[in-house]
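If you read the sequences in order, they're chains A, B and C.
Quick note, this note's numbering runs 3 ahead of the 1-based positions in the first sequence.
Quick note, this note's numbering runs 178 ahead of the 1-based positions in the second sequence.
Quick note, this note's numbering runs 22 ahead of the 1-based positions in the third sequence.
To start, the structure under review is shown below, and the notes come after it.
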Amino acid sequence: MSPKREIAFTLNGVPTRASVSPELSALALIREVLGLTGTKLGCGEGECGACTILVDGRSVNSCLMFALDCEGRSLVTIEGLAADPLGARIEQAFVEAGAVQCGFCTPGMVVQAHNLLTAHPHPTREQIRRGIEGNLCRCTGYFKIVEAIERAAGAQE
Amino acid sequence: MAEIERVLAPASLDEAAEALAAGEATLLAGGTDLMPASHAGKVRFAPMLINLRRIAELSGIAVEDGELRIGTLVTIAELLGDEAVRERCPILAEAADHFASPQIRNAATIGGNLCNASPAGDMLVPLLAAGARVELASKPDGTLVRRVLPLEEFLVGPGRTRRRPDELLATVRVPAAAPDAIWRFFKSGTRPALDISAVSIGLLARKAGNALHEVRIALGAVAPTVVRARAAEATLEGRVLNPETMEAAACAARDEVHPISDVRASAWYRKELIHNMLRRMLSDVAET
Amino acid sequence: MQIIARETLIGKRIAKLDAPEKASGKTRYIHDLDLPGQLYGKILRSGRVHAKILRIDTSKAKALPGVHAVITAADVPWQRPIGVARDHLPLKTDRVRSPRDEIAAVAAQSEEIAQAALRLIEVEYEDLPVLTDPLDALAPDAPLIHPEPHGADGGTEHLKPGAPVAYSGRPDNLAMTFDYEQGDVARGEADSDLVVEDTFRLHYVTHCCMGVSGIIAEFDSSGNLTMYSNTQVPFLHKREFAEILGMDPARIRIIQPPIGGGFGSKLDIYPFEPICVFLARATGRPVKLVFSREEEFLASPTRQPVILKLRSGCRRDGTLTFRAVETIHDNGAYTSWGATTPFVMMQTVSSLYRVPHCSYHTKAVYTNNPYAGSFRGYGNLQATFAVESHMDRMADALGIDPLEFRLKNAQDPGEVTPQGMQFKTCGLKECLKSAAELGDYQAKRRAYAALQAEPGRFKRGVGLASMLHVGGGAKIYPSDGCGTILKMDDFGAVTLITGASEIGQGSETVLAQLVCEELGLPLSAVRVVNNDTEITPWDVGVHASRTTFIGGNSAIGAARKARAKILDAAAKQTGLPAQALDLRAGQIVEERSGNPLLSLAKLIRSLHFSDKAELVMTTHYYEPPSHHQDRQFKGDVSAAYAWASQVVEVEVDTETGAVRLLKVSGAHDVGRVLNRLGIEGQIEGGIVMGQGYALTEELIVEQGRIRNPAFRDYKLVTAPEIPEIAVRFVETLDGEGPQGAKGVGEAPAICIAAATANAIENATGVRILALPFTPEKVYRALREER
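Have a look at this one:
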């Protein structure tokens with residue numbers, strides 16, 4: 004590992020500093036350096052979406068992001084979403100709709116749903132399905148996840 | 179893993195070019211290709227890592243001299259949501275919609291996709307069909323210079339381009355589609371996106387009556403780089419679309435490519451798809 | 023006073039108890055756990071398909087700062103073979119039989135250092151001839167995969183008590199054989215007016231649990247071993263680990279953190295688990311070993327690939343006469359549960375429909391390919407694909423509607439099949455009719471068939487398939503039971519301590535519901551403890567769709583004992599007979615009127631703080647009334663059987679071969695719906711897993727090597743690809759089932775591939791005998807037909 008660098012950013016609303024090596028991913032920063040384990044490592048290649056976080060309000064795969072690129076940005080992880088009204092609604096909808104089975108994909112799905120509903124507060128079913136096309140789930144077949152996102156959208160009125 | 183000794187986050191193109199002139203560097207834009215490639219040991223980091231993301235002048239989409247000027251840092255999501263792109267280069271917006279996933283579209287940049295030069299690169303096919311050029315910037319002797327290359331010349335092979343180590347891709351220039359332009363984009367697979375195409379096809383032409391002019395056909399994942407289907411273009415140029423000309427073009431495209439067989443598709447199937455889908459695109463165009 | 027009516031949770035839509043933690047990211051999976059002082063384990067794999075190990079040099083790796091241990095087989099001469107046939111040493115001694123084979127392992131202070139140490143290990147190999155076709159492996163002069171005893175050159179076996187290695191090699195490449203006969207197939211064939219024969223080819227797929235495999239192992243100062251493990255079978259593993267490690271099972275404790283997906287992948291011991299224990303023993307520190315996603319693809323079990331030759335016959339009137347099956351199971355280099363899938367496959371062959379004469383023969387053959395474990399459906403997707411493809415072929419040849427043909431041969435309640443299965447409840451005919459109606463099967467099939475020859479790019483088709491699967495456990499061990507401990511606190515809340523593991527399927531919620539039903543409590547009054555062998559009573563494990571049925575009956579048993587105790591005490595206090603009382607909403611009520619008499623919490627406290635001072639604590643062990651099969655594979659192996667029929671509608675793009683699943687209409691005999699939300703989730707997820715098996719997923723294995731170990735090229739179904747679905751539940755109220763329910767975990771995945779094959783045939787007139795139906799395969803088949 005190369006020499007570390009100090010970076011400063013906002014994590015779930017809290018100004019945060021960390022010392023990271025340049026090769027480190029944002030996911031490893033969040034999980035290993037800062038100890039927030041709600042964001043999951045599913046593949047490390049941006050193919051499964053389990054590591055989805057919001058960076059400056061947009062969802063990205065934290066496994067593909069360089070930690071040092073967090074400098075000056077605002078990061079929100081699943082742990083930070085509960086404090087957000089939309090995030091809390093989505094989590095509640097996932098519980099009520101039965102969208103959670105093993106739960107490993109769930110944090111990434113919830114964060115991605117947040118990204119989707121921020122951009123499209125009243126998405127069509129097709130938009131929802133496309134909106135989570137980068138998030139793999141092996142348990143649910145996605146039906147109840149789509150339903151949960153519809154439910155969260157409906158609860159916004 | 180090679181050590182990264184320095185990390186730079188220049189605020190201007192000038193600064194970045196100056197840093198590049200000083201020595202070998204790894205360029206970071208969206209990171210979506212660089213990160214997994216570095217983990218898999220497929221790239222070696224240079225001693226200097228330059229994060230381009232803070233350079234405002236490399237962001238944004240502008241229209242100048244009838245051309246779209248797309249900054250290298252423009253993300254795929256930004257392309258997808260941009261009114262000017264939809265109007266002036268709809269084939270690019272369409273291809274952006276088939277690009278990876280929402281999360282990757284939010285991070286991946288057009289410049290990164292071009293410099294990565296994958297034979298299946300999703301932005302390469304529409305840009306080649308659209309006749310795009312790339313603008314490269316460098317600072318060889320203290321002054322910033324730019325050179326412009328047609329995309330076709332820029333792409334050399336898988337992962338290889340004509341970008342010199344001291345250069346960076348600054349802008350992608352795309353001529354606006356003519357008012358009588360027709361376009362089609364096809365990407366094989368069973369998913370709308372999140373798929374590495376076994377074959378992709380971009381078609382752009384001007385249509386007068388039922389005849390096509392200035393036909394440009396780009397093919398992805400059938401050669402070491404994205405390629406033009408010149409023989410097929412020639413069979414179509416100036417001709418009226420009818421079952422015979424469409425079949426002739428489809429056959430010409432199929433016969434002029436020499437794809438490989440891999441886990442995604444056999445060479446035979448790739449050629450069949452080129453034939454069937456080009457014919458399908460042409461017949462869709464003929465009907466409208 | 024407020025009258026309290028009897029309320030039930032059964033059949034309601036109940037949110038999973040663990041969902042809030044999971045949805046907020048608070049659940050800690052094995053990947054999220056770290057123990058103080060923990061080291062990180064990594065495994066060096068051979069990368070060779072078949073080779074002799076000539077030399078291993080670990081000295082450079084050992085010298086790397088931060089490395090605590092580097093071990094090879096020579097360091098653990100007492101290691102014992104694992105797996106179903108005990109033919110697999112965790113660390114390889116003298117030869118490697120597949121690229122995933124474990125050569126050495128490192129424990130280091132970080133993952134990066136462990137990884138770096140692996141690169142410093144030098145291994146010299148001599149390549150051996152490679153066997154990747156099971157038919158070649160059967161040739162008399164084929165090279166042998168397991169020629170000589172393992173551990174022959176280990177040499178230091180005196181280091182460990184009782185160490186002789188159990189497995190002694192094989193003179194041929196046959197890992198296992200299965201032979202089943204009923205009736206007289208020759209006579210059946212002579213009785214037939216129509217005989218069809220095909221060879222079906224079923225491919226490799228793998229579980230792709232979103233949470234990769236992992237384990238943490240730790241020894242305490244007395245030599246007791248604690249494993250934090252994702253296993254689906256903690257109690258069986260306790261015993262097996264004891265055997266492998268030469269330990270007293272009483273010194274092994276298994277704690278199961280929440281599991282990021284199981285689907286059968288965690289039913290066997292795989293080398294990484296004992297290797298992690300070896301490292302923990304070598305270092306005296308807790309060691310955590312977690313796979314990368316690539317490793318998960320390369321070194322996890324697969325679904326069993328099968329070459330299946332099926333011969334089926336029937337009379338002109340549509341009565342089935344016989345079925346004869348011969349399969350070759352590519353066993354890969356080692357034997358796990360995949361080799362034993364014939365147990366289930368032969369049930370479908372013999373008993374899904376009434377067939378008087380049957381034969382079933384399997385050879386599981388060693389090769390240098392990946393090896394298969396158990397995977398949701400356990401051979402039944404493969405068998406059903408063949409059997410249900412043939413049902414359509416025969417119906418078409420006879421000119422009978424395939425639904426009518428199936429109904430004519432379908433099982434009825436009360437049937438005892440020649441294999442010995444007793445169908446006390448059987449909803450097959452209702453499932454067939456329901457699914458056909460939901461999917462408008464008959465009308466659409468006729469309409470689509472008429473359009474086959476018409477021009478047009480897109481063709482549509484419908485296909486029907488049914489399935490039979492165990493729904494009341496499966497007695498593959500001498501016991502198929504589950505234990506429960508139930509205790510109530512002074513405030514009327516229940517702790518349900520069960521052997522049944524939660525793997526995401528929602529078992530803890532269903533078990534809590536069943537307890538609430540007996541004790542008249544709200545769900546919030548129940549806590550479930552289900553993940554620590556030191557605390558929970560024995561259970562055989564999460565497999566065979568058994569948890570709701572077996573764990574549920576066990577929980578009900580414990581709850582009923584508690585209920586009896588409470589009502590007895592209440593009878594004494596109220597002066598009313600116990601049978602006149604009921605438990606509702608945390609109150610003792612008069613059963614007929616619903617008048618509340620006494621709060622439950624108060625009653626319990628009065629029992630506790632009295633002269634006699636007793637607590638309400640009960641235990642129950644439920645053993646289902648099923649039977650271990652005899653050596654001829656006959657016997658009533660499950661306490662209940664689940665049935666389902668599914669109609670699949672597809673659209674085929676004839677210009678690309680792409681098949682789109684438009685709609686799945688399913689009817690499932692589930693006995694009874696307990697948690698509607700949960701059962702829908704199981705069925706929906708199973709359907710999409712079946713869709714992946716049918717259409718998109720394939721682990722591509724060429725010359726023993728996996729070519730697509732990443733989600734990039736191993737294509738799970740994504741959200742935009744899912745079909746419309748319609749599901750109807752057929753409630754046959756099984757007499758033995760908990761509240762009438764049957765197991766349903768595996769059922770929904772089983773029919774999809776078969777029904778899709780039939781739908782593609784209906785759309786295009788082309789029958790494809792090999793999976794998956796990828797665009798290229800379908801396109802090629804369409805071209806060959808033209």
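We treat Cβ as the ideally placed atom computed from N, Cα and C, and that holds for glycine.
These numbers come from a predicted model, not from an experiment.
Coil, strand or helix - residue i by DSSP
i: P647/C; result: coil
i: S120/C; result: coil
i: R618/C; result: Before going on, a small fix: residue 618/C reads as Pro here, not Arg. Looking at P618/C - three-state DSSP - the assignment turns out to be strand.
i: R467/C; result: helix
i: M198/C; result: strand
i: V17/A; result: strand
i: P58/C; result: coil
i: W446/B; result: helix
i: V659/C; result: coil
i: M455/B; result: helix
i: L390/B; result: strand
i: E415/B; result: coil
i: T339/B; result: strand
Residue-level contact to chain B via CB, residue i, 8 angstroms cutoff
i: D155/C; result: no
i: A664/C; result: no
i: R141/A; result: no
i: R8/A; result: yes
i: N391/C; result: no
Neighbour flag for residue i against chain C, beta carbons, 8 angstroms
i: G157/A; result: no
i: C54/A; result: no
i: C105/A; result: yes
i: A355/B; result: no
Host beta strand (DSSP E) of residue i (start-end)
i: Y250/C; result: 247 to 251
i: N64/A; result: 61 to 64
i: Q704/C; result: First-last for Q704/C: 698 to 713, but that is the alpha helix (DSSP H), not the beta strand (DSSP E).
i: L153/C; result: It is not in any beta strand (DSSP E) - L153/C carries neither H nor E in the DSSP assignment.
i: Y393/C; result: Y393/C -> no beta strand (DSSP E), and no H or E assigned at all.
Short CB-CB distance (under 8 angstroms) between residue i and chain A
i: P370/B; result: yes
i: V669/C; result: no
i: P435/C; result: no
i: A187/B; result: yes
i: M226/B; result: no
i: I239/B; result: no
i: L182/B; result: Reading the sequence as shown, one finds Ile at residue 182/B and not Leu. By this cut-off, I182/B is an interface position.
Residue burial classification, residue i (beta-carbon count within 10 angstroms, cutoff 16)
i: E242/B; result: exposed
i: M459/B; result: buried
i: H412/C; result: buried
i: V323/B; result: exposed
i: T2/C; result: In the structure as shown, chain C begins at 23 and stops at 808. Residue 2/C is therefore absent and cannot be evaluated.
i: R653/C; result: exposed
DSSP beta-bridge partners of residue i
i: G398/B; result: S378/B
i: T80/A; result: None, per the DSSP bridge assignment.
i: N229/B; result: L206/B
i: L216/C; result: C336/C
i: V92/C; result: V128/C
heavy atom of the ligand PLP below 7 angstroms from residue i C-beta
i: G236/C; result: The ligand PLP is absent from the structure shown, which contains no ligand whatsoever.
Where the alpha helix (DSSP H) through residue i begins and ends
i: E242/B; result: Taken as a continuous stretch (DSSP letters only), E242/B belongs to no alpha helix (DSSP H), being part of the beta strand (DSSP E) at 239 to 242.
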